[in-house]
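Undergrad: Chains as they are written, first to last, in our numbering: chain P, 369 to 856; chain C, 2 to 123.
Attaching a single structure in structure tokens format; questions to follow.
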Amino acid sequence: MGQILMPPAGPKRVDDARPELSLPIPCRVLLLEDNGMDADLVREHLLLIDDHDFDVHRVDTRQAFVDAITDGGPYDLILSDFDLPDFDGMSALAVARERLPRVPFIFVSGMLGEENAIEALKKGATDYVVKLRMERLQVVVRRALVEARDRNELTDKRQALAESEARLRFALEAGRLGSWELTLATNRLRVSAICAANLGLSDPSELPTYDALLMRVHPDDREHQQAAVRLAVANGSPLDIEYRTIWPDGSLHWVQVRGRAVYDKNGIATGLAGVSLNVTERKKAEDRQLLLLEELNHRVKNTLAMVQSIAKQTLRAAPTPEAFPDAFQSRLRALAQAHDLLTRRQWQGASLSEIAALTLEPHVDAGRVRVGGPPVTLATGVAVSLHLAFHELATNAAKYGALSVEHGRVDLEWEVASAATGDRGALALRWRESGGPPVVPPIRRGFGSRLIERGLVHELEGEVALAFEPAGVQCRLVIPLSSRVSPQ
Amino acid sequence: MTNAPLTDLTVLIVEDEPLIAMSLEDVLVDQGVTCLGPAGSVAAAFVMIDAGGFDIALLDVNLRGERVDAVADRLAAAGIPFVFTTGHGAEGLPDTHRDRPVIAKPFRDQDIIDALARHRPR
């Protein structure tokens, strides 16, 4: 980078650029001359330059000259007298240099002392011709035009190159891409400000060599980094690596580097150049995604194990094989409902009233179930367990209990006893059926009873009393308050 | 398959998911095993280990978001054998206990029976 490609050396002739038998090159001339005869003399001499077709615009006052210059022409050449009644040649030169710096300016004057001539050239005049030797005008004008064309061409190329570099810099900065260049023979490194910033450095000069860079690379990644660089140099394959870097403040960041070997004309690798990008955020996102995938895998496995457990226990408790599918599917649906609710809450838990409503909503709407209590927030595991327990109670009530007859009803109420000395407080929850057929206690405990009496006690570390009272099933839970069961 | 009787065995179940704990109990009780627990948290597991009275433990690797490394350490220090149960695969195991037996969730009943028969104290 930084090398400007020069056009082939040697003066370039105007003729080179012209096709054979082509028309003369048009050339607009601004002529500042107050004397009409002198102006004609200049015109005659210009006519002798046969490969150019001159179009002379003559002005003879300061104002006309300034207007013409301001208007800009465009002119290819300015010819000026040195002494004018209301103007002088040096002032005209100053105006022209300021406004039209690319246009060659030649003095054509009756008298021009050596001192004036030197001063004029210093101030930017291209050349001068004294009127006594007007035949020089042809040579001087032709040379001035050729040189101006070459010079302007070069200026244009430089400007285009500068603009191109500015665009590249803009693109690099917009993309937060750092650029770097390594010279193999000297191990010298040149990096951009962004490239240095990617390594936590404010000054690119802090990375003068490849070794200085390597010191910034995480020790565990250095070997990998060096091997990749060696490979890119050895076989010309693109360099594309990611490595960790430790910033001066001790923080860890990720850098992605892409590059390619640079070769001389004999095909020998002389260096390596490319871009660098801070990919720390992407790496963090990848880590988060990996973590989420692991968590998902864990949850899926756990859910499968729960489904397996529900299947086995439902099968165990089923009085006949025919009773299995409905009981199993109904429990699976209850589990799925709990997952739906928790997903809507981003697995951050759920409220007790939401969980109660999930199972009991249809019965509540029919005026058969009354649900009420203060706001309580449940952790995900508690929410699932309580929901499955309510599902068992409601299913039993609908089959054999209060919800199996028209006038039966269920009250699900809870209250929070706030913390006292030596006691962290508790949630007391009561399920009470009434108006149903007389309850006959089951001969053996089914899945529902077991889930409530064993599972809930285990999950909630609380107390459970499930009673098959003749007047209706009653279930009372006392759950100590904790981060998993908390008043809102 | 080994079907040597396990009737003289007492097993501590460390598992935070009640349904899975109940399922484990079913398997073990059917084999005549005496079950302790289930312990659903690290703290509860500590209490049961300190109380003792069991021969071997089934140990879930994660209890309500908490890793069980400390529980495994305490069992190992007490010289009590244990078998991990996990849905995480071997990567989820505590680093210092990677050579311990593992049963992947969901498990077959026979896997539990075989593991207890193989790793119970002699």
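Glycine is no exception: its CB is placed at the ideal position from the N, C-alpha and C atoms.
What residue from P:GLU781, P:GLU466 and P:GLU837 has the CA that sits closest to VAL808 of chain P's CA?
TA: Of the candidates P:GLU781, P:GLU466 and P:GLU837, the one whose C-alpha sits nearest the C-alpha of VAL808 of chain P is P:GLU837.
Undergrad: Looking at chain C, which residues of the segment 822–852 of chain P have a Cβ within less than 8 Å of any of its Cβ atoms?
TA: Answer set for the segment 822–852 of chain P: ARG822, GLY823, LEU824, HIS826, GLU827, GLU829 and ARG852.
Undergrad: To the nearest angstrom, how far is it from the Cα of GLU783 of chain P to the Cα of PHE85 of chain C?
TA: Looking at the two C-alpha atoms, the distance is approximately 39 Å.
Undergrad: Would you say the beta carbon of GLU483 of chain P is closer than 8 Å to some non-hydrogen atom of the ligand SAM?
TA: Ligands displayed in this structure: none; no statement on the ligand SAM is therefore possible.
Undergrad: Between the C-alpha atoms of GLU482 of chain P and VAL497 of chain P, what's the straight-line distance to the nearest angstrom?
TA: The straight-line gap from Cα to Cα measures roughly 12 Å.
Undergrad: Quick check on ILE114 of chain C - is its C-beta less than 9 Å from some C-beta in chain P?
TA: Not closer than 9 Å to any Cβ of chain P, the Cβ of ILE114 of chain C fails to qualify, so no.
Undergrad: If the cut is a Cβ gap below 7 Å, which residues of chain P does MET23 of chain C touch?
TA: Within chain P, the residues near MET23 of chain C are SER677, GLN681, ARG818, ARG822 and GLY823.
Undergrad: Run the CB neighbour count on HIS425 of chain P, radius 10 Å, all protein chains shown included, and call it buried at 16 or more, exposed below.
TA: Exposed: under 16 other Cβ atoms inside 10 Å.
Undergrad: Could you confirm whether any beta carbon from chain P is found closer than 9 Å to the beta carbon of PRO102 of chain C?
TA: Not one chain P Cβ lies under 9 Å of PRO102 of chain C.
Undergrad: Counting C-beta neighbours from all protein chains within 10 Å, is the total for PRO472 of chain P 16 or more, i.e. buried, or is it exposed?
TA: PRO472 of chain P comes out buried.
Undergrad: So the candidates are P:ALA542, P:ALA785 and P:GLU774; which of them puts its Cα closest to the Cα of PRO743 of chain P?
TA: Nearest of P:ALA542, P:ALA785 and P:GLU774 to PRO743 of chain P, Cα basis: P:ALA785.
Undergrad: Please report the residue range of the beta strand (DSSP E) in which VAL625 of chain P lies.
TA: Note, VAL625 of chain P: beta strand (DSSP E), 620–631.
Undergrad: At least one CB of chain P closer than 9 Å to the CB of ALA78 of chain C: is that the case?
TA: Output row for ALA78 of chain C: interface = no.
Undergrad: Candidates P:GLU827, P:ALA765 and P:GLY635: which alpha carbon is nearest VAL839 of chain P's?
TA: In the sequence under discussion, the amino acid at residue 839 of chain P is Ala, which differs from the Val named in the question. Minimum Cα distance to ALA839 of chain P is reached at P:ALA765.
Undergrad: Would VAL675 of chain P pass as a contact of PRO39 of chain C if the rule is Cβ separation under 9 Å?
TA: No; because the gap between Cβ atoms is not below 9 Å, this pair is not in contact.
Undergrad: Can you find a C-beta in chain P that's less than 9 Å from the C-beta of GLY88 of chain C?
TA: Yes, contact with chain P.
Undergrad: Would you report the Cα separation of GLU574 of chain P and PRO469 of chain P, rounded to the nearest angstrom?
TA: Roughly 41 Å between the two C-alpha positions.
Undergrad: Can you give me the start and stop residues for the alpha helix (DSSP H) that ALA788 of chain P sits inside?
TA: Run containing ALA788 of chain P: none; DSSP gives neither H nor E here.
Undergrad: Please check if any C-beta of chain C sits within less than 9 Å of the C-beta of VAL737 of chain P.
TA: It does not; no Cβ of chain C falls within 9 Å.
Undergrad: Taking only beta carbons into account, state which residues of the segment 725–758 of chain P come closer than 7 Å to chain C, listed in chain order.
TA: Listed by position, the residues of the segment 725–758 of chain P near chain C (Cβ gap below 7 Å) are GLY749 and SER753.
Undergrad: Which residues in the same chain as GLY769 of chain P place their Cβ atom closer than 6 Å to its Cβ, once the five residues preceding and following it in sequence are excluded?
TA: Answer for GLY769 of chain P: GLU801, GLY804 and VAL841, listed in chain order.
Undergrad: Which residues, taken in chain order from the segment 650–669 of chain P, show a beta carbon closer than 9 Å to some beta carbon of chain A?
TA: Looking for chain A here will not work: the only protein chains present are P and C.
Undergrad: Going by C-alpha distance, which of P:THR638, P:ARG813, P:PHE450 and P:GLU831 is nearest ALA686 of chain P?
TA: Of P:THR638, P:ARG813, P:PHE450 and P:GLU831, the residue nearest in Cα terms is P:ARG813.
Undergrad: Can you tell me whether ASN603 of chain P is buried or exposed, with buried defined as 16 or more other CB within 10 angstroms of its CB?
TA: Counting Cβ neighbours within 10 Å, ASN603 of chain P comes out exposed, since fewer than 16 surround it.
Undergrad: Does any C-beta atom of chain C lie closer than 9 Å to the C-beta of ARG684 of chain P?
TA: By this cut-off, ARG684 of chain P is an interface position.
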